[in-house]
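A.B. asks: The structure is given below, and queries will be raised subsequently.
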Amino acid sequence: MNNKISLFPLILLIVAAIDSIRTLPTTAFFGSSLIFLYLLSSIVFLIPVAFISAEFSSRFPEQGGIFHWVRHAFGDRTGLLAVWLQWINTMVWYPTMLLFIAGTATHLISPSLAYNKNFLLIASLAIFWSLTFLNLKGIKVSVRMNSFCGMIGTLLPMCLLIALGAWWVFSSNSVAVAFSWNDLLPSFDLLDNCGAIVTIMASFLGMELAGVHVSDIENPQKNFPKAIGYSVLILLGTLILGSLAVAIVLPKQDIHFVDGIMQTFTTFLTAFHMPYLIPVLALLIVIGSTGGSVNWLLSPAKGLLQVAEFGFLPSFFSVKNKHGVPFRILVLQAILVSTFSFFLQFVPNVNTYYWFLMSLSTGLYMLMYILLFLAALKLKRPEKSYRIPHGVRTISCLAGLCACAITIIIGFQLPSNMVIENKITYVLMIVGGFSLMILPVTFFWLYQKKRTRSNYSPLIRD
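Under the working numbering, the first residue of the sequence shown is numbered 15, with each subsequent residue one higher.
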């Protein structure tokens with residue numbers, strides 16, 4: 015029996031992990047300029063990450079994931095830093111996904127619950143712990159769920175949203191966004207448009223995640239680059255058109271980040287006399303978002319398992335169950351995400367907390383991508399397998415580095431519409447968040463150094 019992941023499931027694995035309908039309200043918030051910003055971000059970030067991920071996965075078919083890719087260039091310790099940034103950013107990011115799923119699920123019960131923080135917390139915890147136990151069954155179960163949910167719960171609602179948006183425009187309904195040349199080109203001196211860059215870059219994160227499963231992929235040297243190419247085209251089409259569908263029907267001031275998609279569907283379906291489809295769409299989106307979350311649970315955990323096997327973590331965390339899953343790391347993830355979700359009870363505004371988590375998570379992830387691009391620049395082009403043309407490779411890495419640095423800087427800016435008493439407090443929160451999230455790496459380095467002096471041999475070596 016062939017248990018390898020073939021091309022089509024691999025495409026769905028990548029698309030379902032990145033192509034989240036959740037991000038559409040936050041990008042729609044910036045109007046028609048999102049078209050330019052999406053195209054720009056794809057050129058300077060998404061496509062470079064896709065190129066480099068494809069090259070590394072083809073170059074190291076037996077050692078997938080950011081840890082191995084970076085350590086081949088800079089050594090084990092820098093590899094640890096890279097995979098830690100990938101892992102800890104996911105812990106910070108996950109509550110935003112859970113808030114979206116819980117907010118959408120309220121349309122199956124009572125839409126007013128989308129503003130009830132107690133309900134959002136309880137629902138978020140129930141969803142995450144359920145996903146944690148599901149992932150204990152291993153990668154094949156996760157891929158099957160991801161493929162199924164990606165089709166019916168992500169791509170189907172996105173296509174329907176785009177179709178409803180087109181129907182709305184061709185029916186001569188009023189449009190909440192302008193499409194003049196002045197509106198299409200953003201004004202970068204405005205904080206709101208700066209915030210758009212963070213939002214759009216956040217919607218592109220995760221292209222490299224499938225690389226950790228490279229040993230499970232059928233003919234990875236051929237299929238992984240193909241899957242990434244097809245995924246980029248699908249992502250750009252659905253994210254741009256989907257965001258515009260939200261923007262044309264919801265005025266900027268009425269967009270709610272947690273509940274914005276169901277706001278849009280409710281407006282469309284009510285106007286077209288199909289309100290009975292609202293709970294059906296809510297159910298599909300909950301299924302799709304839940305399925306898309308599966309890869310974000312297991313892939314970072316497998317990345318952290320790699321550094322545990324190299325002696326940077328206590329051997330307690332390197333234990334796997336009969337399905338090859340690092341179950342203790344999964345439980346640790348569940349505890350951390352539950353803690354971040356619990357903080358929701360102490361914030362006055364859900365939108366502001368959502369934005370803070372997204373900015374912090376995106377900044378941490380950008381640091382990881384900086385290490386990825388630097389590793390690509392240091393390592394020479396492979397003589398065999400998938401290769402990027404030399405000039406394109408260098409330009410892609412430099413463009414990616416610039417995009418990452420700019421995104422980190424912009425993340426310290428709070429959009430003008432966000433509610434917070436003191437913006438300096440927000441900046442200090444971001445700085446403190448960065449410091450707190452990265453600090454454990456120092457202890458892991460010291461721990462590994464101590465074990466090395468004790469003649470400890472890692473579980474895995476080249």
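For every residue, glycine included, the Cβ atom is placed at its ideal position computed from N, Cα and C.
What do you reckon, are the CB atoms on THR37 and ILE211 nearer than 8 Å?
C.D. replies: Their beta carbons are not under 8 Å apart, which means THR37 does not touch ILE211 by this criterion.
A.B. asks: Is ILE438 helix, strand or coil by DSSP?
C.D. replies: DSSP places ILE438 in helix when its eight states are reduced to three.
A.B. asks: With DSSP as the reference, please indicate the residues paired to ILE13 in a beta bridge.
C.D. replies: An answer regarding residue 13 cannot be provided, because it is not within the stretch 15 to 476 covered by the chain.
A.B. asks: Determine the DSSP secondary structure at ALA285, reduced to helix, strand or coil.
C.D. replies: Three-state result, ALA285: helix.
A.B. asks: According to the Cβ coordinates, are VAL351 and TYR108 closer than 8 Å?
C.D. replies: Closer than 8 Å, so yes.
A.B. asks: Please confirm whether PRO234 and SER20 have their CB atoms less than 8 Å apart.
C.D. replies: Contact: no.
A.B. asks: Assuming LYS392 is part of the alpha helix (DSSP H), what are its boundary residues?
C.D. replies: It spans 364-392 - the alpha helix (DSSP H) in which LYS392 sits, taken as one unbroken run.
A.B. asks: Just reading off the alpha helix (DSSP H) that GLU69 is part of, what are its end residues?
C.D. replies: Here the alpha helix (DSSP H) through GLU69 covers 61-73.
A.B. asks: Is LEU344 closer than 8 Å to THR213 when the C-beta atoms are compared?
C.D. replies: Contact: no.
A.B. asks: Starting from ASN187, trace the alpha helix (DSSP H) both ways and give me its first and last residue.
C.D. replies: Segment: none, ASN187 is in no alpha helix (DSSP H) and carries neither H nor E.
A.B. asks: Under the three-state reduction of DSSP, which class applies to GLY447: helix, strand or coil?
C.D. replies: The answer is helix: DSSP assigns GLY447 an H, G or I state.
A.B. asks: Around the Cβ of ASN196, are there at least 16 other Cβ atoms within 10 angstroms (buried) or fewer (exposed)?
C.D. replies: Its Cβ having fewer than 16 others within 10 Å, ASN196 is exposed.
A.B. asks: What's the C-alpha gap between VAL29 and PRO171?
C.D. replies: Computed Cα separation, rounded: 14 Å.
A.B. asks: Just to confirm, is the Cβ distance from LYS392 to ALA87 under 8 Å?
C.D. replies: In contact: LYS392 and ALA87 (Cβ atoms closer than 8 Å).
A.B. asks: Determine the contact status of GLY179 and ILE262, defining contact as a CB-CB distance below 8 Å.
C.D. replies: Yes, these two residues count as a Cβ contact at 8 Å.
A.B. asks: Roughly how many angstroms lie between the CA atoms of GLY325 and SER332, to the nearest whole one?
C.D. replies: Straight-line Cα distance between these residues: approximately 9 Å.
A.B. asks: Using the beta-carbon count (16 or more within 10 Å), is HIS287 buried or exposed?
C.D. replies: The residue in question, HIS287, is exposed, as its Cβ has fewer than 16 Cβ neighbours within 10 Å.
A.B. asks: Beta-carbon separation of PRO135 and GLN359 under 8 Å?
C.D. replies: What sits at residue 135 in the sequence shown is Leu, not Pro. For LEU135 and GLN359, yes; Cβs fall inside 8 Å.
A.B. asks: For the alpha helix (DSSP H) that contains VAL345, what are its first and last residues?
C.D. replies: 341-356 is the span of the alpha helix (DSSP H), which, as asked, contains VAL345.
A.B. asks: May I have the straight-line CA-CA distance separating LYS296 from PHE162, to the nearest angstrom?
C.D. replies: Looking at the sequence provided, one finds Ala at residue 296 rather than Lys. Cα-Cα distance, rounded: 16 Å.
A.B. asks: Rounded to whole angstroms, what is the Cα-Cα separation between ILE292 and SER185?
C.D. replies: Taking the straight line from one Cα to the other gives about 20 Å.
A.B. asks: Does PRO454 come out as helix, strand or coil in the three-state DSSP assignment?
C.D. replies: It is helical.
A.B. asks: Just reading off the alpha helix (DSSP H) that MET105 is part of, what are its end residues?
C.D. replies: Looking at the DSSP string, the run of the alpha helix (DSSP H) that includes MET105 is 90-119.
A.B. asks: Could you tell me the alpha carbon to alpha carbon distance between ASN365 and LYS131, rounded to whole angstroms?
C.D. replies: Roughly 12 Å between the two C-alpha positions.
A.B. asks: Taking the alpha-carbon of THR252 as reference, which of SER47, LEU169, LEU54 has the nearest alpha-carbon?
C.D. replies: The residue with the shortest Cα to Cα distance from THR252 is LEU169.
A.B. asks: Going by C-alpha distance, which of LEU53, GLU232, LEU258 is nearest LYS18?
C.D. replies: Nearest C-alpha to LYS18: GLU232.
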